[in-house]
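Only one structure is covered here, and it is reproduced in the block below.
Now the structure itself:
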């Protein structure tokens, strides 16, 4: 049932914005590889962690590993919804001039942990998915949907756009933002686990 729902959602996503400029093989490969790589890095990092390790906080105001994972699950869904929303409007090549950041700029910006970003309330961990296993499953399902979509889509992702706090990006860059955001929090999880007080088991 999980696999069926993932495929159906991916097909629904592909129903928007058909025709127009297609992705190059290089663009498609880059996006799929980065989505897979950042997911796999996350799964490897948290594999086998105990409940105490998952919930360890270096300070009361900091996030735990479990909260980082929930934030990623929330973000994966919301960025996916944003991507879907951009494709509901007609492609508009006239807006390309409003995109000021390159793909490399997007990835460099979102993965830079030296640049602190205040998390909006809607993206804050709140236990909305249930326990940790349910939260991780929500992330995995959404990520698999986005990977399958990027493998197959013929949508004109370069001529659909989204407004972000830092400026206009195209729909392809929204996917890179998604995977780069995962890389950012993978680095945060590594920092948590490197804390001298992080539980040994």
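In our numbering, the protein residues as written are 10 to 210.
Note that beta-carbon positions come from the ideal geometry of N, C-alpha and C, so glycine has one too.
It is roughly 8 Å from the alpha-carbon of residue 81 to the alpha-carbon of residue 190. Taking a contact as a CB-CB distance under 8 Å, the pair residue 138 and residue 79 counts as one, their CB atoms being some 7 Å apart.
Comparing alpha carbon positions, the residue from 176, 184, 198 and 40 closest to residue 75 is 198. Ranking 84, 143, 135 and 175 by CA distance to the CA of residue 107 puts 175 first. Look at residue 124 here: in three-state DSSP terms it is coil, with no helix or strand label. Across the structure, residue 145 and residue 170 are spaced so that their CA atoms are roughly 29 Å apart. Membership of residue 104 in any beta strand (DSSP E) is not indicated, and neither H nor E is assigned to it by DSSP. Within the DSSP bridge table, the entry for residue 202 names no partner.
Judged by DSSP in its simplified three-state form, residue 142 adopts helix.
Residue 130 sits exposed, since fewer than 16 C-beta atoms from the chains shown fall within 10 Å of its C-beta.
The C-beta distance from residue 44 to residue 155 rounds to 6 Å, short enough to fall under 8 Å. For residue 173, the enclosing beta strand (DSSP E) begins and ends at 170-173.
Note: residue 179 is bridge-paired with 170 in the DSSP secondary-structure output. Residue 33 counts as exposed, since fewer than 16 other beta carbons sit within 10 angstroms of its beta carbon. Residue 132 is a Cβ neighbour of residue 84, given a cutoff of 8 Å.
Across the set 184, 180 and 148, the C-alpha of 180 shows the shortest separation from the C-alpha of residue 104.
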